[in-house]
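The block underneath contains the structure these notes are about, expressed in structure tokens.
In my numbering, the protein residues as written are 12 to 233.
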């Protein structure tokens with residue numbers, strides 16, 4: 012499902028989408044209907060025009076695997092937009108994958124091994140986002156009300172596995188996790204008033220946390 016400008020949907024609609032994302036089912040007229048697999052949700056938000064919107068609650072944001080920031084198109088991308096939208100040719104849609112094949116790939120991802128020291132790095136990154144705890148990074152203590160949920164660590168590991176497979180490797184590296192950190196955590200960190208007043212973003216905080224958290228646990232105790 013592609014939910015365009017999801018923050019313009021009413022809370023009731025957002026709640027129904029949350030049920031679909033969490034339970035893989037929808038309730039209509041008192042009847043629960045299971046959704047066919049594979050099922051996933053893509054959603055967009057316009058960060059500029061916030062009038063008349065309903066901000067997504069933290070629990071719903073946490074259901075999303077990644078949050079990607081879409082900037083201005085490049086010259087090549089803008090040219091392609093013009094080619095597709097201002098000329099008479101009809102776009103051609105070709106099937107690239109069957110549903111069962113996609114589900115097999117999803118299972119393959121879970122079979123990719125992760126070394127204990129790499130998994131520990133993911134754990135320490137997430138724990139460093141928890142303000143007012145022994146494991147908190149300085150930036151988390153200063154600018155966050157709440158840090159990442161356990162889903163953040165799950166997404167880091169799964170994203171690392173996918174990146175490794177795409178690059179032809181059957182093992183996850185530190186670099187795989189680092190590449191996924193911003194997209195996996197930026198929507199799971201809740202800023203405090205000080206951060207909002209100073210214009211500090213979650214990406215700024217993530218960058219500082221990644222600088223503070225060493226790859227190897229030995230460096231923490233050294």
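Even glycine gets a Cβ: it sits at the ideal position worked out from N, Cα and C.
Counterpart residues of residue i in DSSP-defined beta bridges
| i | result |
| --- | --- |
| residue 38 | 43 |
| residue 218 | The partner list for residue 218 (beta bridge, DSSP) is empty, contrary to what the question assumes. |
| residue 14 | 54 |
| residue 201 | 157 |
Local Cβ density within 10 Å of residue i, reported as buried at 16 or more and exposed below that
| i | result |
| --- | --- |
| residue 199 | buried |
| residue 96 | exposed |
| residue 170 | buried |
| residue 66 | exposed |
| residue 233 | Confidence at residue 233 is low in this model, with a pLDDT of 49, below 50, so the placement of that residue should be treated as unreliable; the coordinate-derived value is given next. Exposed, since its Cβ has fewer than 16 Cβ neighbours within 10 Å. |
| residue 59 | exposed |
| residue 83 | exposed |
| residue 187 | buried |
| residue 104 | exposed |
| residue 33 | exposed |
| residue 86 | exposed |
| residue 150 | buried |
| residue 158 | buried |
| residue 155 | buried |
| residue 61 | exposed |
| residue 81 | exposed |
| residue 25 | buried |
| residue 144 | exposed |
Pick from the options that is closest to residue i, judged by C-alpha positions
| i | options | result |
| --- | --- | --- |
| residue 54 | 87, 46, 12 | 12 |
| residue 181 | 121, 78, 194, 138 | 121 |
| residue 227 | 188, 131, 17, 56 | 131 |
| residue 79 | 221, 15, 197 | 197 |
| residue 48 | 115, 187, 128 | 115 |
| residue 75 | 123, 119, 51, 211 | 51 |
| residue 238 | 91, 135, 21, 194 | The structure shown does not extend to residue 238, since the chain is modelled only from 12 through 233, so no value can be given for it. |
| residue 194 | 72, 144, 94 | 72 |
| residue 129 | 217, 106, 167 | 167 |
| residue 191 | 179, 217, 124 | 217 |
| residue 225 | 101, 118, 185, 23 | 185 |
| residue 178 | 77, 123, 133 | 123 |
Quiz item: Is there contact here, the segment 39-51 with the segment 166-174, by at least three beta-carbon pairs under 8 Å?
Solution: no
Quiz prompt | the segment 94-110 touching the segment 202-222, judged by at least three CB pairs closer than 8 Å | solution = no
Practice problem: Go through the segment 129-198 residue by residue and report every complete run of the alpha helix (DSSP H) that reaches 4 residues or more, in order. | Solution: 149-154, 161-177, 185-196
Quiz item: Contact between the segment 134-141 and the segment 155-170: three or more CB pairs below 8 Å?
Solution: yes
Quiz prompt | Those runs of the alpha helix (DSSP H) which lie wholly inside the segment 67-130 and span at least 4 residues | solution = 69-72, 86-96, 110-121, all fully within the segment 67-130.
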